[in-house]
Amino acid sequence: MELSRKKRLSSLLFVVLVLLAALFLVPILIVFLNSFKTKFSIMGSPFKLPTKETFAGFENYVSGVKSAGIAGAFGRSLFITVLSVLVLALLTSMTAWYLVRVKSAVSRLLYNTFLFSMIVPFQMVMYTMTFVVTKLKFNNPVGIIFVYLGFGAGLSVFMLSGFVKSIPLELEEAAEIDGCNPVQKFFMIVFPILKPTAITVTILNAMWIWNDYLLPYLILGTGNKTLPVAIQIAMQGAYGAVNWGGFMAMLVLAILPIIVFYLFCQRYIIEGVIAGAVKG
Amino acid sequence: MLPTLAAFAAFFIVPFIMGIYLSFNKFTTVSNAEWIGFGNYAKAFSNSDFLRALGFTSLFTVVSVITVNLFAFLLALALTSAVRGKNVFRTIFFMPNLIGGIVLGYIWNLIINGVLANFGVDISYSAKYGFWGLVVLTNWQLIGYMMVIYIAGLQNIPRDLHEAAEIDGATRFQTLKNVTVPMLMSSITICTFLTLTNSFKLFDQNLALTAGAPARKTAMLALDIYNTFYGRAGWQGVGQAKAVIFFLIVALIAFAQLKITSSREVES
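Protein sequences, first through last, are from chains E and F. Counting in this note's numbering, the first sequence tops out at residue 325, every number present. Counting in this note's numbering, the second sequence tops out at residue 330, every number present.
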């Protein structure tokens, strides 16, 4: 009796969860379906499935990619994201290691400044940062990687430091006795141990940089637009003459890579979220 | 090591200090700054757009924090019970979190306008639509993320605590109230903090969903600061002053949260 009640409750819960899951998926599905509809059949009736008359095939993808320079923006976003996260992972690992191992007033101050930077909202520094970046001529797709290094350093150093502390000092001392110089010691001992945390940090950074809008917009402007910037411009710059079909195709192109990325390394992403939350 | 410090100093520390300095200046480009004391702050606090944005953002943050955490917690409870397909559900609920703010904003812009079209209006018709649109969007985005943190917290609660409660004859609700929630306090603190700061600092979603329409009534603080900087000639100093105030509020929230957390840790 008791058991069957539990079973019934659990299947009721299952049904509710299925409905909720559908609710969560529908918005993504709507964009996907609309990207295959002709551009005049999207606004006003976004919930209708494509019919024989409104089905557009891949026409939107062709027109969207052509008109807004999306291919270039896609490549640029990929370039900036990949290089930034690699640079961040490597250089902030070194920084974290240095700050933990060298105990001085300066290293403590630096560490606290990194922590502090995590709570400063972007709007606080966006104007002056743009000024500095332009002055130093870092306002190009390569320079922005170093801007991301500066902005991402806070969280990355923080998470990696927590892990460096747990590396036994004996390991490093043993390496030293075996004749390792500091560079060898870092690459042969410290970095391999840091790898799991470095992967977590890399994933968090990748999600941030791929989706970031305001920073690349301010620094690179519309000339070197990234994918989020291109999407915003396609919408706002068109003054009413939005090519809705092409726009839907752009949204799909922005969403698809992360979803695929997510389905492949879901475990790391979820672990990263938990680790980031517990430490932050 | 050195490149990190150089980048951090050039793109964060220097702009931060310049920002504080410039908030006391009148300027149109950084090089023509002229000291005016607290003039910008006076202007910021008497600026109706700023005050309205502050009110709108605060209300939005309160509503979002409550709804996101409540739903995320309930989902986490459901997904740690004996239900089928947990991993598939977790995967789906988390998914919206991966999508960037600009894209999220336009997805919901399309959907909400599609619904409102049946009534002959769109999202810019009333600030109410924009407000609830942002709440729905934020819930859709953050619930999965917070759910994951709650699930991790729930799985960390020792099983024998629940068994002990059951032996003592506690009802489900009593167990939830007296065992689960207290044991989950650290997850609750983290999730509250994350939703609080995320909602308070919202920008991309706001820009894409409503861009402040109608008549800047749905512009949140970050968007209002942006508009002051780049939309109003001669008001850059006021924009910077607003940004400093914004920073101080966020810092205050973070600091208060830290204090509450650490006082709880002492107790346990």
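Don't be surprised by glycine CBs; every beta carbon is placed ideally from N, CA and C.
Review point. Which residues in the same chain have their Cβ closer than 6 Å to the Cβ of VAL110 of chain E, if we skip the five residues on either side of it in sequence?
Key: Working through the first sequence from its first residue, we reach residue 110 of chain E at position 65. Cβ within range, chain order: ALA116.
Point to revise | Proximal residues of chain E, C-beta to C-beta of GLY81 of chain F below 8 Å | key: Translated into positions along the second sequence, residue 81 of chain F becomes position 19. Chain E residues near GLY81 of chain F: MET169, VAL170, TYR172, THR173.
Check your understanding: What whole-angstrom Cβ distance do LEU283 of chain F and ALA115 of chain F have, given they're in contact under 8 Å?
Key -> Translated into positions along the second sequence, residue 283 of chain F becomes position 221. Translated into positions along the second sequence, residue 115 of chain F becomes position 53. Confirmed, Cβ separation roughly 5 Å.
Exercise for review: Determine contact between the region 177-192 of chain E and the region 70-86 of chain F, defined as no fewer than three beta-carbon pairs at a distance below 8 Å.
Suggested key: yes
Practice item. Can you give me, in chain order, the residues of the region 299-310 of chain F that have a beta carbon less than 9 Å from any beta carbon in chain E? Key: GLY301, GLN302, LYS304, ALA305, VAL306, PHE308, PHE309
Review point. Given 8 Å as the limit, is there contact between the region 209-226 of chain E and the region 82-91 of chain F, that is, 3 or more CB pairs closer than that?
Key: no
Review point. Got a sec, what are the start and stop residues for the alpha helix (DSSP H) PRO368 of chain F sits in?
Key: The shown model of chain F, from 63 to 330, leaves out residue 368 of chain F, and the question about it has no answer.
Exercise for review: Using a Cβ-Cβ cut-off of 8 Å, state whether TYR258 of chain E counts as contacting chain F.
Suggested key: In the first sequence, the residue the question calls residue 258 of chain E occupies position 213. Yes, its Cβ sits closer than 8 Å to a Cβ of chain F.
Check your understanding: If contact means a Cβ-Cβ distance below 7 Å, which residues of the region 172-203 of chain E contact chain F?
Key -> TYR172, THR173, MET174, PHE176, VAL177, VAL178, LEU181, PHE191, VAL192, LEU194, GLY195, PHE196, ALA198
Review point. Tell me, which residues are paired with GLU96 of chain F by DSSP?
Key: The residue labelled residue 96 of chain F in the question sits at position 34 within the second sequence. In DSSP, GLU96 of chain F forms a bridge with F:LYS88.
Review point. Is any beta-carbon of chain F found at less than 8 Å from that of VAL76 of chain E?
Key: Residue mapping note: residue 76 of chain E aligns to position 31 of the first sequence, counting from 1. Yes, because at least one Cβ of chain F sits closer than 8 Å to the Cβ of VAL76 of chain E.
Check your understanding: With distances taken between CB atoms, is the gap from THR272 of chain F to GLY195 of chain F smaller than 8 Å?
Key -> Sequence index remark: in the second sequence, residue 272 of chain F carries index 210 (1-based). Sequence index remark: in the second sequence, residue 195 of chain F carries index 133 (1-based). In contact: THR272 of chain F and GLY195 of chain F (Cβ atoms closer than 8 Å).
Check your understanding: Rounded to a whole number of angstroms, what is the C-alpha to C-alpha distance between THR129 of chain F and THR123 of chain F?
Key -> Reading the second sequence from its first residue, position 67 is the one you call residue 129 of chain F. Reading the second sequence from its first residue, position 61 is the one you call residue 123 of chain F. Roughly 10 Å between the two C-alpha positions.
Check your understanding: Hey, is ASP222 of chain F's beta-carbon within less than 8 Å of any beta-carbon in chain E?
Key -> In the second sequence, counting from the first residue as 1, residue 222 of chain F sits at position 160. Not one chain E Cβ lies under 8 Å of ASP222 of chain F.
Point to revise | Nonlocal neighbours in the same chain, by C-beta distance under 7 Å from ILE211 of chain F, ignoring five residues either side | key: Taking the second sequence and counting its residues from 1, one reaches residue 211 of chain F at position 149. Counting only Cβ-Cβ distances below 7 Å, and skipping sequence neighbours, we find SER249, ILE252, CYS253.
Exercise for review: Report yes or no: is there a C-beta of chain E within less than 8 Å of the C-beta of LEU172 of chain F?
Suggested key: In the second sequence, counting from the first residue as 1, residue 172 of chain F sits at position 110. Yes - at least one Cβ of chain E is within 8 Å of the one on LEU172 of chain F.
Check your understanding: Within the 8 Å Cβ cut-off, does MET252 of chain E reach chain F?
Key -> Along the first sequence, read from residue 1 onward, the residue named residue 252 of chain E stands at position 207. It does: the Cβ of MET252 of chain E has a partner Cβ on chain F nearer than 8 Å.
Review point. For LYS105 of chain F, which residues of its own chain have a beta-carbon under 6 Å away from its beta-carbon, when the five flanking residues on both sides are left out?
Key: Position 43 of the second sequence, counting from 1, holds the residue named residue 105 of chain F. So the qualifying residues of the chain are VAL300.
Check your understanding: In chain order, which alpha helix (DSSP H) runs of at least 4 residues are fully inside the region 120-202 of chain F?
Key -> 148-156, 163-178
Review point. How many angstroms separate the CA atom of ILE154 of chain F from the CA atom of LEU70 of chain E?
Key: The sequence position of residue 154 of chain F within the second sequence is 92, counting from 1. The sequence position of residue 70 of chain E within the first sequence is 25, counting from 1. Approximately 7 Å between the Cα atoms of the pair.
Check your understanding: Using a beta-carbon distance below 8 Å, is ALA69 of chain F in contact with chain E?
Key -> The count along the second sequence starts at 1 and reaches residue 69 of chain F at position 7. Yes, because at least one Cβ of chain E sits closer than 8 Å to the Cβ of ALA69 of chain F.
Review point. At which residues does the alpha helix (DSSP H) containing LYS105 of chain F begin and terminate?
Key: In the second sequence, counting from the first residue as 1, residue 105 of chain F sits at position 43. Here the alpha helix (DSSP H) through LYS105 of chain F covers 101-107.
Check your understanding: To which residues does DSSP link LYS82 of chain E through a beta bridge?
Key -> On the first sequence, residue 82 of chain E is found 37 positions in, with the first residue counted as 1. E:PHE100.
Point to revise | Start-to-end residues for the alpha helix (DSSP H) that takes in ASP286 of chain F | key: One-based indexing of the second sequence puts residue 286 of chain F at position 224. Run containing ASP286 of chain F: 283-293, per the alpha helix (DSSP H) assignment.
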